[in-house]
Amino acid sequence: MDKNINLIGELRVHIQELENKLAALRVSRRVLMNLLDNVEKQKRDHLLILESQHEKLQKNNYHYAQTIMQQNSRIAKLEEKVKFFSDLT
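Sequential numbering of the sequence shown, starting at 4, is according to the working numbering.
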């Protein structure tokens, strides 16, 4: 009978230890889920910033290309004028 009482006491202690470990695991899981949520939010925010920067760079690149094309056209016209006037002389 004493063995059974000791065994029951040991099992209760073991159950309590397991319940404590389970509670700690639940807390750890919540902490990890919060960290994961924060990382995902930071990643989304960073992606939005990068997309915005990419769009701005594309617009700038388009305007720069337009300016270069206009300058090239102007240079070509000036070269034609120079050739025309050099042919006259």
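Positions of the beta carbon are idealized from the N, C-alpha and C atoms, including for glycine.
Because the structure is a prediction, the values reported are computed rather than measured.
- Using three-state DSSP, classify M72 as helix, strand or coil. The count along the sequence shown starts at 1 and reaches residue 72 at position 69. The answer is helix: DSSP assigns M72 an H, G or I state.
- According to DSSP, is M4 helix, strand or coil? Position 1 of the sequence shown, counting from 1, holds the residue named residue 4. If DSSP states are grouped into helix, strand and coil, M4 belongs with coil.
- Pairwise C-alpha distance: S89 and S76: To locate residue 76, count along the sequence shown from 1; it is residue 73. To locate residue 89, count along the sequence shown from 1; it is residue 86. When rounded, the separation of the alpha-carbon atoms in S76 and S89 is 20 Å.
- Euclidean distance between Cα positions of L91 and K80: Indexing the sequence shown from 1 puts residue 91 at position 88. Indexing the sequence shown from 1 puts residue 80 at position 77. Those two C-alpha atoms are separated by around 17 Å.
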